[in-house]
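Asks: Chains as they are written, first to last, in UniProt numbering: chain A, 1 to 362; chain B, 1 to 362.
Cβ atoms here follow ideal geometry from the backbone N, Cα and C, with glycine treated the same way.
Below are the structure tokens for one structure; questions will follow.
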């Protein structure tokens with residue numbers, strides 16, 4: 001009877017009538033299964049047959065049941081995961097979020113996001129605390145500033161996945177790109193094209209104390225190593241700004257002020273590479289005729305014909321999907337720490353070419 | 001004593017010792033004021049002197065007090081606002097979020113975000129319900145699909161600001177761009193440059209039933225009106241895809257297949273214009289020599305020298321700032337509905353020029 005009533009409401013949706021909240025008991029009755037069975041399906045637990053799963057999902061759909069709200073009352077779970085990203089403006093994070101969304105799709109989990117910035121430890125901390133206060137079931141953090149000790153504290157409060165940092169910890173899972181391998185690919189690519197004066201744009205270290213194991217540090221270190229291995233230690237030139245359009249623009253102006261100027265720029269990230277392209281255009285220099293430019297992240301804009309930016313693909317969508325999968329495993333009870341490293345690939349495009357007068361390349 | 005203990009802990013931060021949560025009473029004791037005074041400062045209420053404000057804020061800082069968590073227990077407020085956006089990939093939303101962040105800065109409020117997509121009513125609804133379930137104090141929605149009746153239901157549950165929709169309602173505040181004025185500016189700009197065959201890229205209507213009052217409908221309608229007013233009704237050509245890079249690319253290919261092809265494309269949004277530039281480049285056409293391109297949103301990328309896209313500035317940061325201010329006013333008790341419309345401005349750049357053979361322009 002309750003099931004019938006609820007079905008009636010869902011079908012006609014009168015806007016003004018106050019709705020009684022649909023309960024798990026309503027769903028069980030409607031699907032003609034036990035509440036335990038409904039709960040199993042909601043948790044994606046083993047022991048629920050495909051047929052039962054379909055029946056329960058149909059009942060949930062028909063009644064407009066909201067598992068996260070009811071589940072909170074039932075067993076303390078909110079079916080919400082928290083995601084901390086520095087800023088939505090970086091399209092690489094959009095790729096990561098697409099992967100998270102793909103993995104969560106159909107699981108009944110909803111992701112809520114907070115922005116932590118990337119320069120202010122206090123702001124990043126407040127954002128993390130806001131997530132904890134929202135009673136999420138687990139957290140995925142892209143947190144360039146937070147000290148490792150604080151990450152371990154958070155991991156003590158709830159399941160945690162950390163994306164984009166290389167430290168080892170037994171308290172949380174880590175998902176990251178092999179930044180060393182990716183940087184080696186791109187710097188060698190430029191050297192093979194005959195470039196010797198290859199500049200690099202890096203980021204300032206945010207926060208105080210010992211710098212954490214972040215991609216920009218690994219990329220700068222590998223850039224130095226590969227240059228040195230090819231006898232180019234005298235040509236090392238790093239502009240330290242930020243991986244934004246503005247940072248790439250400023251960093252490129254700084255590198256162009258050198259005499260002689262670089263013939264190639266490894267911008268560290270696509271966002272910075274877009275700023276580099278803009279600065280070079282303004283300076284009347286052609287790409288790649290006068291200066292080659294390479295990014296990192298292989299964002300969608302990099303692939304567009306009028307930009308055609310050589311970049312390194314670290315598959316943000318795969319990283320996001322993996323991070324979400326690991327997080328749900330932890331919510332389900334796994335405690336052993338796991339590390340997942342993406343092997344990056346070079347995607348050469350038209351923004352890199354032979355060094356002027358080098359005779360190298362095609 | 002409690003104040004001293006808490007201060008000690010905040011100063012030395014021993015990592016392993018479980019921390020007792022700092023309470024509002026601790027803050028009051030530490031600042032040597034009443035708890036009512038602390039509460040006033042937290043609410044930004046009138047009647048708190050600047051000196052008291054400074055004293056309380058210093059105590060909050062020193063003790064590491066987290067107002068939103070404690071306030072929830074104290075008076076039912078969570079000091080969190082929920083923001084629904086379709087997708088983080090659109091840089092216009094990053095501008096809006098920057099404005100929200102600026103307005104909330106220092107208020108003690110934290111924004112949490114959910115993505116609703118822009119094609120699936122069920123996904124958008126689940127995202128809104130997730131925010132309500134997270135017990136936010138108010139919601140800011142950029143919700144292109146949700147029916148107005150559902151917006152009014154949400155507004156019945158909590159303070160609501162709707163961004164980017166033109167409907168009138170007495171239940172919530174609306175913040176939107178004057179899309180009619182903005183579109184008139186850009187279409188007239190192209191006509192004044194001598195263009196007659198001006199194509200337009202629009203979006204499919206998502207959701208079922210009567211289309212809601214969304215920017216893409218207003219922009220398409222105004223495009224038709226201005227073309228007709230200039231005797232160009234026979235040249236109206238609309239490609240209906242989506243306001244993404246992919247949608248702009250596909251829409252441009254569709255428009256280029258017409259014979260004769262358009263000499264100008266008003267892409268409806270910068271994201272779509274980026275895809276248009278890519279498609280034109282691939283087709284071997286020069287911009288603006290063969291085809292002029294204009295966007296809408298004046299995103300940061302539009303301003304970059306190598307892109308230099310003519311666009312319409314609707315000041316997303318101002319919209320975000322205003323929306324957050326209106327939302328906090330509603331949380332504080334305002335119930336009368338307000339509407340705030342941004343007057344857009346044309347930003348002409350190098351992607352638009354005289355129509356081929358028209359003799360118009362500079």
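Kindly indicate the opening and closing residues of the alpha helix (DSSP H) around residue 25 (chain B).
Replies: 24-31
Asks: Once you ignore the five residues that flank residue 327 (chain A) on each side, which residues in its own chain have a CB closer than 7 angstroms to its CB?
Replies: 81, 138, 140, 159, 161
Asks: Would you check if the distance between the CB atom of residue 319 (chain A) and the CB atom of residue 116 (chain A) is smaller than 8 angstroms?
Replies: Using a Cβ distance threshold of 8 angstroms, residue 319 (chain A) and residue 116 (chain A) do not count as a contacting pair.
Asks: Measure from the alpha carbon of residue 205 (chain B) to the alpha carbon of each residue in B:182, B:144, B:154, then state which is nearest.
Replies: B:144
Asks: Closest to residue 248 (chain B) by CA distance: which of B:126, B:223, B:272 is it?
Replies: The residue among B:126, B:223, B:272 with its C-alpha nearest the C-alpha of residue 248 (chain B) is B:272.
Asks: Excluding sequence positions up to five away, which residues of its chain have a Cβ less than 7 angstroms from the Cβ of residue 165 (chain A)?
Replies: For residue 165 (chain A), where only same-chain residues beyond five positions count, the Cβ hits under 7 angstroms are 174, 176, 212, 213, 214.
Asks: Under 7 angstroms between beta-carbons, which chain A residues line up against residue 304 (chain B)? List them in chain order, please.
Replies: 245, 274, 278
Asks: To which residues of the same chain is residue 294 (chain B) closer than 6 angstroms at the C-beta, ignoring the five residues directly before and after it?
Replies: Counting only Cβ-Cβ distances below 6 angstroms, and skipping sequence neighbours, we find 186, 266, 310, 352.
Asks: Are the CB atoms of residue 194 (chain A) and residue 308 (chain A) within a distance shorter than 8 angstroms?
Replies: No, these two residues do not count as a Cβ contact at 8 angstroms.
Asks: Residues of the stretch 152-165 of chain A in Cβ contact with chain B at a cutoff of 9 angstroms, in chain order, please.
Replies: 152, 153
Asks: What do you get for residue 258 (chain B), buried or exposed, if any count of 16 or more other CB atoms within 10 angstroms of its CB means buried?
Replies: exposed
Asks: Check this for me: beta carbons of residue 63 (chain A) and residue 30 (chain A), under 8 angstroms apart or not?
Replies: yes
Asks: From the DSSP output, which residues share a beta bridge with residue 113 (chain A)?
Replies: A:83, B:113
Asks: Restricting to runs no shorter than 3 residues, where is the beta strand (DSSP E) found entirely within the stretch 181-236 of chain A?
Replies: Those beta strand (DSSP E) runs which fall completely within the stretch 181-236 of chain A and span 3+ residues are 198-203.
Asks: Looking at chain A, which residues of the stretch 104-123 of chain B have a Cβ within less than 8 angstroms of any of its Cβ atoms?
Replies: 110, 111, 112, 113, 114, 115
Asks: Name, in chain order, the residues that DSSP records as bridge partners for residue 240 (chain A).
Replies: A:202
Asks: Examine the Cβ distances between the stretch 103-118 of chain B and the stretch 92-112 of chain A and report whether three or more of them are shorter than 8 angstroms.
Replies: yes
Asks: Use the C-beta contact count for residue 288 (chain A): other C-beta atoms within 10 angstroms, 16 or more gives buried, fewer gives exposed.
Replies: In this structure residue 288 (chain A) is buried. Its beta-carbon is surrounded by 16 or more other beta-carbon atoms within 10 angstroms.
Asks: Contact criterion: CB-CB distance below 8 angstroms. Does residue 93 (chain B) meet it with respect to chain A?
Replies: yes
Asks: Mind checking the stretch 292-323 of chain A against chain B and listing, in chain order, the residues whose C-beta falls within less than 9 angstroms of any C-beta there?
Replies: 300, 301, 303, 304, 305, 306, 307, 308
Asks: Going along chain B in order, which residues have a C-beta closer than 8 angstroms to the C-beta of residue 97 (chain A)?
Replies: 88, 115
Asks: At which residues does the beta strand (DSSP E) containing residue 311 (chain A) begin and terminate?
Replies: 311-313
Asks: How long is the line joining the alpha carbons of residue 171 (chain A) and residue 239 (chain B), rounded to whole angstroms?
Replies: 52 angstroms
Asks: Would you report the Cα separation of residue 49 (chain A) and residue 39 (chain A), rounded to the nearest angstrom?
Replies: 13 angstroms
Asks: Would you kindly check if the distance between the Cβ of residue 262 (chain A) and the Cβ of residue 198 (chain A) is under 8 angstroms?
Replies: Cβ atoms of residue 198 (chain A) and residue 262 (chain A): closer than 8 angstroms.
Asks: From B:333, B:77, B:291, B:87, pick the residue whose C-alpha is nearest to that of residue 120 (chain B); which is it?
Replies: Restricting attention to B:333, B:77, B:291, B:87, the CA atom closest to the CA of residue 120 (chain B) is found in B:87.
Asks: Using beta carbons (cut-off 8 angstroms, strictly below), is residue 73 (chain A) in contact with chain B?
Replies: Because residue 73 (chain A) sits at a pLDDT of 40, beneath the cut-off of 50, its placement in the model cannot be relied upon, and the following sentence gives the value as read from the coordinates. For residue 73 (chain A), the answer is no, since every Cβ of chain B falls outside 8 angstroms of its Cβ.
Asks: For the stretch 344-356 of chain A, which residues have a CB atom closer than 9 angstroms to at least one CB atom of chain B, in sequence order?
Replies: Residues: none.
Asks: Let me make sure I understand the geometry here. Which of B:189, B:183, B:155, B:33 has the alpha-carbon closest to that of residue 355 (chain B)?
Replies: B:189
Asks: Relative to chain A, which residues along the stretch 223-256 of chain B have a C-beta separation below 7 angstroms, given in chain order?
Replies: Flagged, chain order: 245.
Asks: What first and last residue would you give for the alpha helix (DSSP H) that runs through residue 96 (chain A)?
Replies: Taken as a continuous stretch (DSSP letters only), the alpha helix (DSSP H) holding residue 96 (chain A) covers 91-104.
Asks: Measuring alpha carbon to alpha carbon, tell me which of A:304, A:256, A:225 ends up nearest residue 350 (chain A).
Replies: A check of alpha carbon separations from residue 350 (chain A) across A:304, A:256, A:225 identifies A:304 as the nearest.
Asks: Determine whether the beta carbon atoms of residue 291 (chain B) and residue 301 (chain B) lie at a separation below 8 angstroms.
Replies: no
Asks: I'd like the list of long-range same chain contacts for residue 56 (chain A), defined as Cβ closer than 6 angstroms, with 5 residues on each side in sequence excluded.
Replies: The residues are 31, 38, 41.
Asks: How should residue 182 (chain A) be labelled, buried or exposed, when 16 other C-beta atoms within 10 angstroms of its C-beta is the threshold for buried?
Replies: Here residue 182 (chain A) is buried. Its C-beta has 16 or more other C-beta atoms within 10 Å.
Asks: Provide the residue span of the alpha helix (DSSP H) that contains residue 278 (chain B), from first to last.
Replies: That run of the alpha helix (DSSP H) goes 270-282.
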